[in-house]
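Numbering (the numbering used here), first residue to last: 648 to 924. Every residue gets a Cβ at the ideal spot worked out from N, C-alpha and C, and that includes glycine. Report on the structure given below.
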Amino acid sequence: MSVTATPPNVLTIAGSDPSGGAGLQGDIKTFSALGTYATNVITAVIAQNTQGVRAVHPVPADMIAEQLDNLFGDVRIDAVKIGMVASMDVATTIRDALAHHRPRWIVLDPVMVAKSGDILVDRAGIRAVRDVLVPLADVITPNLPEAAVLLDTETPRTTEAMASLLPELTRLGAPYVVLKGGHLSGSACPDLLATPQGVEWLEAPRIATQNLHGTGCALSSAVTAYLARLPSDAHAHADIHAAIGDAKRWLHTALDASQHLAVGQGRGPVHHFHAWW
């Protein structure tokens, strides 16, 4: 994949993770590992570690607006990844800022359910993500519990049930949907990709590891980084498809390399810098 002459600037709009594996800290690591310059706007301060979420303190919408306006007023942003959004006010604040400044790429990871199973947003927050942010995004990357929350249905347990969600997800408005199948059982870990050209399975073997903390954040931020690295005139289906495939392969290697880390007593993080150390 072609790389621009200078590193592109990418932005994560997300909540924090003190343990460093997920949220904006994990996004910054992914962006940096993949050769892009990371910036961030924080949406929530979260008391979280590898074992779960203890508390969530949302940042007020007006402060998020200040962060966005201040950043965009100074830095050219090539691509944006949106993570945790807890309210309608915050969602509309983000939408208004991105509609005004419009970066080339917007990737939405609808973070509503932590890997521990903790629900991170209320019903109003769910509606905000679904109705305000999904139509804004070029790519969305829900896992199965998040897709079920978005569509107010049961979490799929089979590939057939997983595939049945895709028509409703695409109708929400994002042209590219990566429905992640990591919550399924079995030796495979398939993702389902919907594009304007059709639907296909992205197959991968399941890696035997408990270091799954922040995998969703890592994939969506890797997609963002690879999109940001595309030439400025690249918006073809093949370019976007390649970026998603590259991100999935990068995450697979980061998961495999996570055995070299020893972080926390619960679900450890992926190894974002596996290519570096």
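In whole angstroms, what separates the C-alpha of residue i from that of residue j?
| i | j | result |
| --- | --- | --- |
| residue 845 | residue 658 | 29 Å |
| residue 719 | residue 778 | 24 Å |
| residue 816 | residue 723 | 31 Å |
| residue 923 | residue 673 | 16 Å |
| residue 891 | residue 791 | 18 Å |
| residue 749 | residue 782 | 14 Å |
| residue 606 | residue 727 | The shown model of the chain, from 648 to 924, leaves out residue 606, and the question about it has no answer. |
| residue 904 | residue 671 | 21 Å |
| residue 707 | residue 822 | 30 Å |
| residue 847 | residue 839 | 6 Å |
According to DSSP, is residue i part of a helix, a strand, or is it coil?
| i | result |
| --- | --- |
| residue 926 | Any question about residue 926 goes unanswered here, given that the chain covers just 648 to 924. |
| residue 841 | strand |
| residue 695 | strand |
| residue 815 | helix |
| residue 662 | strand |
| residue 908 | coil |
| residue 853 | coil |
By the 10 Å Cβ neighbour count, where 16 or more other Cβ atoms means buried, how is residue i classified, buried or exposed?
| i | result |
| --- | --- |
| residue 789 | buried |
| residue 804 | exposed |
| residue 876 | buried |
| residue 914 | buried |
| residue 663 | buried |
Are the CB atoms of residue i and residue j nearer to each other than 8 Å?
| i | j | result |
| --- | --- | --- |
| residue 853 | residue 834 | yes |
| residue 715 | residue 744 | yes |
| residue 755 | residue 780 | yes |
| residue 734 | residue 696 | no |
| residue 864 | residue 772 | no |
| residue 862 | residue 797 | no |
Inset, instruction - Pair every Cβ in the segment 677–696 with every Cβ in the segment 868–875, then say whether three or more of these pairs are closer than 8 Å. - result: yes
Legend entry - Contact between the segment 689–701 and the segment 824–836 (3+ Cβ pairs under 8 Å): no
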